[in-house]
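2 protein chains.
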Amino acid sequence: MATIFDVAKKAGVSITTVSRALNGYSDVNEKTRQMIIAIAEDLHYYPNAAARSLQGKKTNVIAFAPLLNNHLEAESFFKEFTGVLALACFKYDLSLLVTLVGSDSNVEEVYRELVGSGRVDGIILADIKPEDERIGLLSDLDIPYVTFGRTTRNIALDYPFVDVDGVNGVKKMVGYLYKQGHRRIAYLSEPLNLSYTLHRYEGYRQGLLEYGLSEDEQLVRTNLENEAHTYSVISQLLALPSEVQPTALITGSDYLALQVLQAVSRAGKVVGREAGQVAVTGFDDLPFSAYLRPGLTTLRQPITETCTVLLDLLVALLKNKHTEAPLLSSSTKLSRVGPHQFLLQPELVVRESA
Amino acid sequence: MATIFDVAKKAGVSITTVSRALNGYSDVNEKTRQMIIAIAEDLHYYPNAAARSLQGKKTNVIAFAPLLNNHLEAESFFKEFTGVLALACFKYDLSLLVTLVGSDSNVEEVYRELVGSGRVDGIILADIKPEDERIGLLSDLDIPYVTFGRTTRNIALDYPFVDVDGVNGVKKMVGYLYKQGHRRIAYLSEPLNLSYTLHRYEGYRQGLLEYGLSEDEQLVRTNLENEAHTYSVISQLLALPSEVQPTALITGSDYLALQVLQAVSRAGKVVGREAGQVAVTGFDDLPFSAYLRPGLTTLRQPITETCTVLLDLLVALLKNKHTEAPLLSSSTKLSRVGPHQFLLQPELVVRESA
DNA sequence: TTGTAAGCGTTATCAC
DNA sequence: GTGATAACGCTTACAA
Chain B
-17 MATIFDVAKK AGVSITTVSR ALNGYSDVNE KTRQMIIAIA EDLHYYPNAA ARSLQGKKTN
43 VIAFAPLLNN HLEAESFFKE FTGVLALACF KYDLSLLVTL VGSDSNVEEV YRELVGSGRV
103 DGIILADIKP EDERIGLLSD LDIPYVTFGR TTRNIALDYP FVDVDGVNGV KKMVGYLYKQ
163 GHRRIAYLSE PLNLSYTLHR YEGYRQGLLE YGLSEDEQLV RTNLENEAHT YSVISQLLAL
223 PSEVQPTALI TGSDYLALQV LQAVSRAGKV VGREAGQVAV TGFDDLPFSA YLRPGLTTLR
283 QPITETCTVL LDLLVALLKN KHTEAPLLSS STKLSRVGPH QFLLQPELVV RESA
Chain P
-17 MATIFDVAKK AGVSITTVSR ALNGYSDVNE KTRQMIIAIA EDLHYYPNAA ARSLQGKKTN
43 VIAFAPLLNN HLEAESFFKE FTGVLALACF KYDLSLLVTL VGSDSNVEEV YRELVGSGRV
103 DGIILADIKP EDERIGLLSD LDIPYVTFGR TTRNIALDYP FVDVDGVNGV KKMVGYLYKQ
163 GHRRIAYLSE PLNLSYTLHR YEGYRQGLLE YGLSEDEQLV RTNLENEAHT YSVISQLLAL
223 PSEVQPTALI TGSDYLALQV LQAVSRAGKV VGREAGQVAV TGFDDLPFSA YLRPGLTTLR
283 QPITETCTVL LDLLVALLKN KHTEAPLLSS STKLSRVGPH QFLLQPELVV RESA
């Protein structure tokens, strides 16, 4: 590979001049600059990124460092999100470094290494927990970062985040089902480990409250860990006496809804919105959801918009660590809930399942 | 961030000793090493990756640098593949740098920059064209790389690739349809720009040959660029006189199959394998394909295995640029077609659509 | 077993 | 306008 020395030698100037010419400094004779540019092209010279970042220059790489969830739902969402994020990065002229953080690894160490290595300009964090130690860590480490998702505890930190409003989303769903005539609405969820699971559940509770329905413990199952478990829970629910049996099942994710769809069939009931049928809903609107039969009524996470806002925010922080947050294009979906904090509204997508 | 100097100072030794202690050299007093390790941890010291790679050390980062296809099919496959690849990289303790190469960009320059930047140890190339200039380029640049997919022209190069056998796959599909009684089998494809599209089409031709069917130009449409076009082509095909009308439609990808499914319905026909119905098949087995109604009969690309083989191969090249290729776990799906060249067999997945 | 010093390829500071 | 030269943080001969 050609280095700056090769260019300098061939041009008969010093490396300083080459550097300045190529970096667009004004104090270079225009003729000299043109010559240097021509030679650089000719030699296929590209500045070594490692050397540049040693000098504290930008790498134009950002990291996406989510926690690795072996959960299949998490995995399919991860694929979709990563793909969209990579596409979005392309538009911002950034490369995306995907670094998964294993569940058995020393989390703090992984992030410290990522930052200390100097490989990336900024970080996108995901899979935020109710109280997430990574936020304090990255703040301490003084690297620009944005989280996708937010903590639930009201810690004083004003960290930058973008989140999809799970509370409001599920609340809307409860409202939709209520208007469809449902009065006994169950809530099914994976374990409430990550913030988004809590937010969605909270939306369920607020929804019930808003529509004057009381929460019935029997109808809330927030510990569905695997398919077998889901099956048994559903068959239990659908075997309840008819006056307490749920007529609608809200699930915390599309993937879970998928299992529930199967389970309901196995229990001998039909999914749908006709009388006597069981309504089932999801959350995410992953690509497969549109193709299920019946099509899944769900809440669409606006992934593309999310990534755009994440990058707008991160790029602003990259440019100027302590400046005001950017004024983002105001979409009806998007609201600012803090100086650097944004919430996007999921969209109710009605299909046949509810 | 703590540097090696900080550690050295606190330990009261030179930076050399710190470097050797931390890199596991044998010529360091074990006590000294332990002390240094303790101090390094205490100080949260992590070697700066830029500085290391300036010394020609490994970065433990590999790049995935596919061409950006605005095509939706390409996009959904890209997401799936990238996600699986990232997951696989995690197991190999590698980070994945995703760098999309825009269609309007200077391709050569992008790859030169990627290599010249010194950011990555190796590269995974995708979207291989019949004759792909990137292969010669990366060879010249002398960076380890593996391609997903292969060229079609028999250029003499013995470059490392892993590919899914599209020829054999579609051939199998023709055989399957033949045994189902189909004699008029159409082939539908996006434009034949990339190798895999050509391979799949070639499989169709070989299949016809093998089963004594003659190729009918009317039944081959390899220029479907968009949905509208697909609709019109399908309605044309299904309006042919019954003695020449196709009873089965092989498509070059699941995504195209999706459009075809809709188009057939619009043309007033039913998709399926009953008499009088139209058979439709795909290629890829993307997640949504199982959920279509009717479920899509297709050829599954073994993405996970593909990524494993890609990484096995690349990691071997990383270790020792000119050594023999690794002996990979022999699966029935996998065959070696050259020293560094592997072919995986797609699997026929029969569902209701054919 | 440890330290000194050169060098990896840049950019930035300061002379000229 | 241009050029020495000193960083940046690390690894690795070569010395001691």
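Chains B and P, in that order, are what the protein sequence lines are.
Letter 67 of the first sequence, counting from 1, is numbered 49 in the working numbering, and no numbers are missing.
Letter 312 of the second sequence, counting from 1, is numbered 294 in the working numbering, and no numbers are missing.
Backbone N, C-alpha and C fix where the C-beta goes; we use that ideal spot for every residue, glycine too.
From a predicted model like this one, the values you see are computed outputs, not experimental measurements.
- DSSP, read as helix, strand or coil, puts B/Phe(-13) in helix.
- Between B/Ile117 and B/Tyr93 the beta-carbon gap is near 10 Å, outside 8 Å, which marks them as no contact.
- The continuous alpha helix (DSSP H) containing P/Ala20 extends over residues Glu12 to Asp24.
- For the stretch -12 to 18 of chain P, no residue has a beta-carbon sitting nearer than 9 Å to a beta-carbon of chain B.
- Per DSSP, B/Phe324 is one residue of the beta strand (DSSP E) stretching across Gln323 to Leu326.
- Residues of the stretch 68 to 81 of chain B whose Cβ lies closer than 8 Å to any Cβ of chain P, in chain order: Ala68, Leu69, Cys71, Phe72, Ser77, Leu78, Leu79, Val80 and Thr81.
- Beta-bridge partners of P/Ala336 (DSSP): none assigned.
- In summary, no residue of the stretch 161 to 193 of chain B has a CB separated from any CB of chain P by less than 9 Å.
- Residue state for P/Gly104 is assigned as strand, using DSSP reduced to three classes.
- Here the alpha carbon of P/Asn302 sits roughly 28 Å from the alpha carbon of P/Leu49.
- Counting along the chain, B/Gly98 sits inside the alpha helix (DSSP H) bounded by residues Val89 to Gly98.
- Taking CB atoms only, B/Tyr28 has a neighbour in chain P less than 7 Å away.
- Here the stretch 61 to 71 of chain B does not lie against the stretch -15 to -2 of chain P, with fewer than 3 beta-carbon pairs under 8 Å apart.
- Note on geometry: alpha-carbon atoms of P/Arg187 and P/Gly234 lie some 13 Å from one another.
- Within the same chain, Cβ atoms closer than 6 Å to the Cβ of B/Gln283 are found at Val146, Asp266 and Pro328, the five residues on either side in sequence being excluded.
- In the displayed model, B/Leu316 falls within a strand according to three-state DSSP.
- Think of a sphere of 8 Å around the beta carbon of P/Ser99: the chain B residues whose beta carbon falls inside it are Tyr28, Pro29, Asn30, Ala31 and Ala32, in chain order.
- P/Thr212 has a beta carbon lying at 7 Å or more from every beta carbon in chain B.
- In this chain, P/Leu139 is not harboured by any alpha helix (DSSP H), its DSSP state being neither H nor E.
- When secondary structure is reduced to three states using DSSP, P/Glu62 falls in the helix class.
- Put simply, the backbone Cα of B/Glu197 is about 41 Å away from that of P/Leu278.
- At a Cβ-Cβ threshold of 7 Å, P/Thr41 and P/Asp124 do not count as neighbours.
- The shortest CA-to-CA distance from B/Ala249 to any of B/Glu199, B/Thr212 and B/Val226 is the one to B/Thr212.
- With its beta carbon less than 7 Å from one in chain P, B/Thr64 belongs to the interface.
- The stretch 245 to 265 of chain P makes contact with the stretch 157 to 168 of chain P; the number of CB pairs closer than 8 Å reaches 3 or more.
- With a threshold of 16 other beta carbon atoms within 10 Å, B/Pro223 falls short and is exposed.
- Listed along the chain, the chain P residues whose CB falls inside 9 Å of the CB of B/Pro269 are Ser58, Lys61, Leu268, Pro269 and Phe270.
- Annotation: Cβ neighbours of P/Gly84 in chain B (cutoff 9 Å, chain order): Phe72.
- If you check the CB distance, B/Phe59 and B/Val80 do not come in under 7 Å.
- Here B/Asp114 has Thr133 as same chain residues with Cβ atoms under 7 Å from its own Cβ, once five neighbours each way along the sequence are excluded.
- Between the C-alpha atoms of B/Ser99 and B/Gly131 there is a straight-line separation of about 25 Å.
- Counted as a single uninterrupted DSSP element, the alpha helix (DSSP H) harbouring B/Tyr158 occupies residues Gly148 to Lys161.
- Taking P/Arg101 as the centre and dropping the five residues before and after it, the same chain places the C-beta of Thr41, Val43 and Leu79 closer than 7 Å to its C-beta, in chain order.
- For B/Arg116, the nearest beta carbon of chain P is not closer than 7 Å to its own beta carbon.
- Counting only Cβ-Cβ distances below 8 Å, B/Leu274 has contacts in chain P at Tyr273, in chain order.
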